[in-house]
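Student:
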Ligand code: GAR
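Residue numbers (our numbering): 233 to 445.
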């Protein structure tokens, strides 16, 4: 059986991309990263992709000021690399209808809060601290047109500690992200995510027909 071809979109550091690449290298994730796209030419994660021998594509704001143009360029590259699952790993733009329509039910996002709390931005740890919650965490969810409101695949809770500042809390959440995101991709690759309404059921591997398992 051929490996699931994953496309990853990033905007920055790319540590979640690295977690996926590392899980693949360790043999814990039966998938291949076919291409990494970024909307920022200076995203550090691009170097991580190159080091792993993964093709990269950049649709920078300077070159493509309109979001639709940037995403059209990224979509072209995803198609050229036959991507089957799109993973948003720190991608800081809302997906427009062209990208979303191309991958119905096939886009995962990692967000550093327990959704539906503190969605819709790139500073969830800061927002959680400012609100005063005692528990935060991270969420992997399917992406829909409603930003950060798509069906939830996996969540991990992270307690807020008295001494936490944004950096400390975000760092502890990030550790959980690195565990959760490759796991979610693996479940998708195994065909174990079943949507019922907005609930994602995780099917038991043993119950799957052999062809899928
Ligand atoms: C991660 O914490 C990710 O959850 C967050 O950006 C960071 C990217 O880090 N994404 C969002 O806030 C999406 N709204 P990384 O580039 O090191 O993976």
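Quick reminder that beta carbons are idealized off the backbone N, C-alpha and C, glycines included.
Roughly how far, in whole angstroms, is the beta-carbon of residue 341 from the beta-carbon of residue 375, given that I think they are within contact range, below 8 Å?
Tutor: Mapped onto the chain shown, residue 341 falls at position 109. Mapped onto the chain shown, residue 375 falls at position 143. Between residue 375 and residue 341 the Cβ distance is about 5 Å, and since that is below 8 Å, they are a contact.
Student: What runs of the beta strand (DSSP E), each 3 residues or longer, lie entirely inside the segment 335-378?
Tutor: 339-343 and 367-374
Student: Who's in the neighbourhood of ligand 1, going by beta-carbon under 6 Å from any heavy atom, listed in chain order?
Tutor: 242, 244, 245, 246, 247, 248, 277, 321, 322, 342, 343, 344, 354, 356, 406 and 409
Student: Using the Cα positions of residue 381 and residue 347, report the straight-line distance between them to the nearest angstrom.
Tutor: Walking along the chain shown from the start, residue 381 turns up at place 149. Walking along the chain shown from the start, residue 347 turns up at place 115. Going by the C-alpha atoms only, they are around 8 Å apart.
Student: With which residues is residue 387 paired in a DSSP beta bridge?
Tutor: Residue 387 sits at position 155 when you count from the first residue of the chain shown. Paired residue(s): 371.
Student: Whose C-alpha, out of 385, 408, 288 and 350, is nearest the C-alpha of residue 238?
Tutor: Counted from its first residue, the chain shown places residue 238 at position 6. For the residues 385, 408, 288 and 350, the minimum Cα distance to residue 238 belongs to 288.
Student: Which whole-angstrom value is the C-beta distance of residue 240 and residue 265, which I expect to be below 8 Å?
Tutor: Position 8 of the chain shown, counted from the start, is the residue given in the question as residue 240. Position 33 of the chain shown, counted from the start, is the residue given in the question as residue 265. So it is a contact: roughly 6 Å between Cβ atoms.
Student: Hey, quick one: how far does the alpha helix (DSSP H) through residue 277 stretch, first residue to last?
Tutor: Sequence index remark: in the chain shown, residue 277 carries index 45 (1-based). It spans 277-283 - the alpha helix (DSSP H) in which residue 277 sits, taken as one unbroken run.
Student: Kindly indicate which three-state DSSP category residue 300 falls into: helix, strand or coil?
Tutor: Taking the chain shown and counting its residues from 1, one reaches residue 300 at position 68. If DSSP states are grouped into helix, strand and coil, residue 300 belongs with the helices.
Student: In whole angstroms, what separates the C-alpha of residue 405 from that of residue 343?
Tutor: Against the chain shown, residue 405 aligns to sequence position 173. Against the chain shown, residue 343 aligns to sequence position 111. Whole-angstrom Cα-Cα distance: 10 Å.
Student: Near residue 436, which residues of its chain fall below 6 Å by C-beta distance, leaving aside the five closest residues on each side in sequence?
Tutor: On the chain shown, residue 436 is found 204 positions in, with the first residue counted as 1. The same chain holds no residue with a CB closer than 6 Å to that of residue 436 once the five nearest residues on each side in sequence are set aside.
Student: Buried or exposed, going by whether 16 or more other CB atoms sit within 10 Å of the CB of residue 302?
Tutor: Position 70 of the chain shown holds residue 302. It is buried - the Cβ of residue 302 has at least 16 other Cβ atoms within 10 Å.
Student: Per the DSSP calculation, residue 319 is bridged to which residue(s)?
Tutor: Looking up residue 319 in the chain shown gives position 87. Per DSSP, 240 and 340.
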